[in-house]
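Numbering (the numbering used here), first residue to last: 1 to 937.
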């Protein structure tokens with residue numbers, strides 16, 4: 001800035017924007033040009049959308065809105081998508097402006113809510129808008145951090161609701177990751193909010209170099225400078241397919257050595273990842289693959305040797321992250337100095353001091369602590385929030401050197417690294433393994449390169465069989481991360497809007513949604529996609545054609561058999577646990593049994609069957625061969641148990657008397673010696689190995705398969721592969737057709753149909769809500785209407801605390817995988833009756849939805865009812881996790897969602913006994929690790 005013209009430009013800018021000048025003086029570094037442009041626009045009275053890469057400093061624009069509000073004596077809300085980010089931003093603002101000027105509002109915390117600056121989650125602001133909260137008075141600025149969350153399927157509608165319903169006098173600062181349709185999003189904001197300035201920044205703050213690790217050697221992905229390492233940004237691809245958009249350029253850009261390695265590798269082994277070959281199937285003398293995927297511990301060691309740590313190592317599997325951490329432990333890898341280890345241990349002890357000691361073992365604390373002390377950690381959604389917070393803090397301080405993480409780490413908390421490693425370029429999306437998109441690749445690798453610390457960042461992709469370096473170069477060179485709305489009117493949204501502004505105005509407001517803005521432009525492209533898919537399906541049919549019969553019919557039968565076998569395996573695992581409990585309930589005093597597991601495994605004599613209430617389940621007391629009297633639990637019985645024989649126990653036997661215990665134990669020993677080491681053949685032995693032969697429907701389908709004419713076709717497997725492709729494309733085509741139908745129906749029409757459902761159920765009366773509608777307005781859950789109907793019909797009225805917890809769990813839980821058991825374990829008694837009534841209500845509502853041509857209510861999922869019941873009954877964390885197969889972090893997250901819904905039910909129930917029961921549920925389940933999680937989230 002040495003020329004007179006540049007100095008004069010700065011002088012004029014300072015004269016025109018004194019607030020920006022004052023704000024710049026607060027920092028000991030120069031603001032970037034895009035930050036200055038956005039701040040100047042905000043001071044000029046415009047609303048602002050800032051789209052910039054991760055780590056570029058876009059939140060500074062949000063902090064300028066805070067500065068403006070305080071300077072002008074006005075109020076500013078700073079919203080974030082998750083509580084952890086709210087807590088982090090609250091701490092940052094308090095350190096700058098003081099606790100008297102900054103407040104915090106999340107689901108768990110309310111601190112100084114009337115302060116001029118309040119940090120909150122976006123849902124809290126949405127609820128305040130619907131409730132007409134007095135806290136909104138004097139509001140002038142709203143910062144919406146991570147506004148690209150509006151694409152989130154489950155929660156995205158909240159962002160649009162806020163943007164539509166905020167008063168026109170409120171200036172909105174929208175902060176987004178780099179998206180390829182930022183201009184379109186800005187046009188919509190202009191329509192909804194008024195004059196909006198779009199500030200785009202595509203240049204990374206730190207250049208990013210791209211690499212591929214083959215074996216233990218690191219190769220550059222590009223022959224010259226990587227596009228992400230240049231001054232400027234990757235070009236937008238004109239085509240959605242990066243390989244096609246950059247086909248000519250990539251041939252010259254990609255490192256020729258990698259191309260040669262890939263060619264040689266594919267010459268030796270044909271790329272056939274869907275049909276892996278075994279070594280013994282290969283012809284003798286065939287050359288072996290000379291390039292391999294390195295071990296995870298080897299990758300970390302190579303990065304350490306190349307001064308490329310700290311690193312985030314992305315593995316698209318929770319179990320894979322945990323396994324990677326343990327593999328590094330077993331390899332003896334240590335990345336920390338003694339002083340760093342001491343500090344890690346201190347922070348860990350401080351952050352987890354309130355965790356119950358009895359829960360540490362089941363939470364995997366000891367392996368976690370040992371890995372941390374070595375500078376190694378895992379980070380995924382299944383972990384306890386306290387553990388994730390420790391990892392985030394230690395990594396940000398440079399004490400953790402490598403974090404094995406799922407893709408969820410690419411969102412939310414700011415955790416930049418020097419290097420990002422991608423183990424694979426495909427992931428499981430819940431239905432199939434799919435390749436990651438250019439946008440996902442950009443999001444993941446965007447963490448590499450710490451501003452102000454690293455001169456450059458590094459992205460490393462591991463070599464895999466069938467690796468195509470040109471495809472990776474396409475991912476790294478293309479910016480295609482479009483923002484797509486997930487907005488649709490819910491029942492809760494409808495009653496709140498009608499209650500506030502009436503039906504006609506509510507309808508007009510929803511026409512302003514980003515979803516409506518986009519849907520009007522999308523149908524033409526989708527129709528072309530359906531036409532292409534239909535032509536491809538006809539080609540697949542020709543390849544499937546079999547001279548012996550209808551091969552599609554045969555392939556459909558094979559598919560149904562595969563699905564039946566998969567669901568049967570899951571069901572049998574659950575049934576075995578139920579069978580184990582039932583076998584314990586049959587035990588009687590004097591029965592001789594073999595305990596199958598636990599520290600008391602072996603021969604034992606039943607002293608007391610322990611038949612208690614269902615709160616605790618059966619807990620028999622036994623005498624073991626080593627003269628110990630022990631009280632057992634379900635953890636000791638992973639398989640069913642039965643009485644092998646029986647012994648008479650003296651009437652005056654006292655288990656506290658050592659002499660009597662010794663004598664009875666000797667009798668037991670003599671008796672079991674006669675029985676032999678394993679005892680007589682067990683009637684239950686072998687039941688846990690259940691074959692598919694016990695499923696008559698499966699056997700019938702197999703018989704039909706064998707009898708089908710196509711079963712004897714010599715080209716059967718070749719036809720089957722084409723049939724799999726046909727089914728997959730047909731499923732995709734039906735999904736596209738469904739999208740066309742949905743987008744043809746405007747948001748306003750959807751709102752009309754939602755209102756028709758609510759009219760039929762008497763939740764709405766013209767432009768007013770009924771008493772039932774007022775209750776519905778307080779319930780924010782995907783199954784809001786089911787919950788409201790259960791309240792109205794008194795389904796929950798006479799339930800106990802554990803029973804109510806189990807029933808409400810069915811309204812919040814949703815299994816991660818469709819393969820989870822379809823018949824989960826349920827408590828007996830009134831719970832089952834209540835769940836049956838809830839199922840009937842859901843079926844009635846679903847039928848009404850079909851009549852009104854809407855589809856909002858997903859199926860209830862009973863998979864969390866038993867864990868919720870047991871936890872509300874006082875069971876330990878170890879018992880609940882063992883019985884449910886849930887990860888600790890998942891369990892905590894679902895219980896916290898259950899707490900949210902239960903508090904809403906208590907609010908909606910009014911002054912009734914149900915309110916007292918619901919509040920008691922919250923008191924019972926907010927304990928132990930849940931209570932601690934609520935304090936830190």
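Glycine included, each C-beta is placed from N, C-alpha and C at the ideal position.
Predicted model only: the values in this text are computed from it and were never measured.
Check                                                                                                                           : Outcome
Opposing strand residues paired with residue 76 [DSSP bridges]                                                                  : 117 and 141
Uninterrupted alpha helix (DSSP H) stretches inside the segment 540-591 (no shorter than 4 residues)                            : 551-585
Cβ-heavy atom distance, residue 362 to the ligand ADP, below 7 Å                                                                : With respect to small molecules bound, the structure shown includes none, and the ligand ADP cannot be examined in it.
Helix, strand or coil at residue 365 according to DSSP, with G and I counted as helix                                           : helix
Buried or exposed (CB count within 10 angstroms, at least 16 for buried), residue 195                                           : exposed
The segment 60-72 touching the segment 134-150, judged by at least three CB pairs closer than 8 Å                               : yes
Range of the contiguous alpha helix (DSSP H) that encloses residue 439                                                          : 438-445
Residue burial classification, residue 827 (beta-carbon count within 10 angstroms, cutoff 16)                                   : buried
Cut-off 8 Å between Cβ atoms - residues of its own chain near residue 832, not counting five sequence neighbours on either side : 826
Three-state secondary structure assigned by DSSP to residue 213                                                                 : strand
Where residue 64 sits in the DSSP three-state scheme                                                                            : helix
Nearest-angstrom Cβ-Cβ length linking residue 124 and residue 112, presumed shorter than 8 Å                                    : About 14 Å separates the two Cβ atoms, so there is no contact after all.
Outcome for residue 674 when other beta-carbon atoms lying within 10 angstroms are tallied against a minimum of 16              : exposed
Limits of the unbroken alpha helix (DSSP H) element including residue 880                                                       : 877-884
Helix, strand or coil at residue 167 [DSSP, three-state]                                                                        : coil
Whole alpha helix (DSSP H) elements within the segment 147-206, 4-residue minimum                                               : 157-165 and 182-193
DSSP bridge partner residues for residue 603 (one or two, in chain order)                                                       : 594
Boundaries (first-last residue) of the beta strand (DSSP E) holding residue 770                                                 : Segment: none, residue 770 is in no beta strand (DSSP E) and carries neither H nor E.
Whole-number beta carbon distance between residue 544 and residue 705, since they are thought to touch under 8 Å                : Incorrect: roughly 16 Å between the Cβ atoms, too far for contact.
Limits of the alpha helix (DSSP H) - the one that residue 925 falls within                                                      : 913-925
C-alpha distance - residue 181 paired with residue 367, whole-angstrom precision                                                : 44 Å
Nearest-angstrom beta carbon gap, residue 629 and residue 620 [assumed within contact, 8 Å]                                     : About 11 Å separates the two Cβ atoms, so there is no contact after all.
Residue 766 (DSSP reduced to helix, strand or coil)                                                                             : coil
Option nearest residue 645 by Cα separation, candidates 207, 92, 548 and 593                                                    : 593
Per DSSP, the bridge partner or partners of residue 314                                                                         : 405 and 422
Own chain partners of residue 18 with C-beta closer than 6 Å, once the 5 adjacent residues on each side are dropped             : none
Buried or exposed (CB count within 10 angstroms, at least 16 for buried), residue 434                                           : exposed
3-residue-minimum beta strand (DSSP E) runs that sit fully inside the segment 831-892, ordered along the chain                  : none
Reduced DSSP category for residue 335 - H, G, I as helix; E, B as strand; rest coil                                             : coil
Spatially closest choice to residue 34 from 200, 848 and 676, by CA coordinates                                                 : 200
Three-state secondary structure (DSSP) of residue 300                                                                           : helix
Rounded separation between residue 452 and residue 365 - CA only                                                                : 34 Å
8 Å contact criterion, which residue 514 and residue 485 should meet: CB distance rounded                                       : 4 Å
Nearest candidate by alpha-carbon position, reference residue 649, set 589, 385 and 698                                         : 589
Beta carbon of residue 889 nearer than 8 Å to that of residue 325                                                               : no
Meets three-Cβ-pair contact criterion under 8 Å: the segment 46-66 and the segment 346-362                                      : no
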